[in-house]
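A short worksheet on the structure shown next.
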Amino acid sequence: MTTFYGGVGMLRTADSHRRQGLASLVTRVICRAEAEAGLDPICNVGHYNKASLDMFRRLGFRTAFNAMYLEYTPASK
114 MTTFYGGVGM LRTADSHRRQ GLASLVTRVI CRAEAEAGLD PICNVGHYNK ASLDMFRRLG
174 FRTAFNAMYL EYTPASK
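Here it is as structure tokens:
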């Protein structure tokens, strides 16, 4: 759920427990602990994941930059 550099991620709430504020609660706790450790909490969210984007924005996160992830596939020999 967190990384050595302050990344917050891989958070998923079971369908039966959604819309109860659990993800927000866990995220706030993680972010507070990271901040107390001197880290700046960050996250990566896909542009298509409206629920996560909305939650992180409600918690005070803002878009810092957009990224594109590239994958290298070696040519066969």
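Sequence positions in the sequence shown follow my numbering and run 114 to 190.
For every residue, glycine included, the Cβ atom is placed at its ideal position computed from N, Cα and C.
The structure presented is a predicted model; accordingly, all values stated were derived computationally and were not measured.
One or two residues paired with residue i in a DSSP bridge
i	result
Gly151	BP columns for Gly151 are empty, so no partner.
Gly120	Ile155
Contact check, residue i vs residue j, beta carbons under 8 Å
i	j	result
Leu135	Thr126	yes
Thr140	Val121	yes
Near the ligand MN: residue i beta-carbon under 7 Å from a heavy atom
i	result
Asn179	What this structure holds is no ligand at all, so the ligand MN is not there to describe.
Anticipated Cβ contact below 8 Å, residue i with residue j, distance rounded
i	j	result
Leu152	Gly119	4 Å
Phe178	Cys156	With 8 Å as the limit, Phe178 and Cys156 do not qualify as a contact, their Cβ atoms being about 13 Å apart.
Nearest residue (CA-CA) to residue i, options the options
i	options	result
Leu65	Ser129, His130, Val142	Residue 65 cannot be examined here, being either before or after the span of the chain that is shown, 114 to 190.
Met181	Arg131, Glu149, His160	His160
Arg132	Glu149, Pro154, Tyr185, Ala164	Ala164
Met123	Ala146, Asn162, Arg145, Glu184	Asn162
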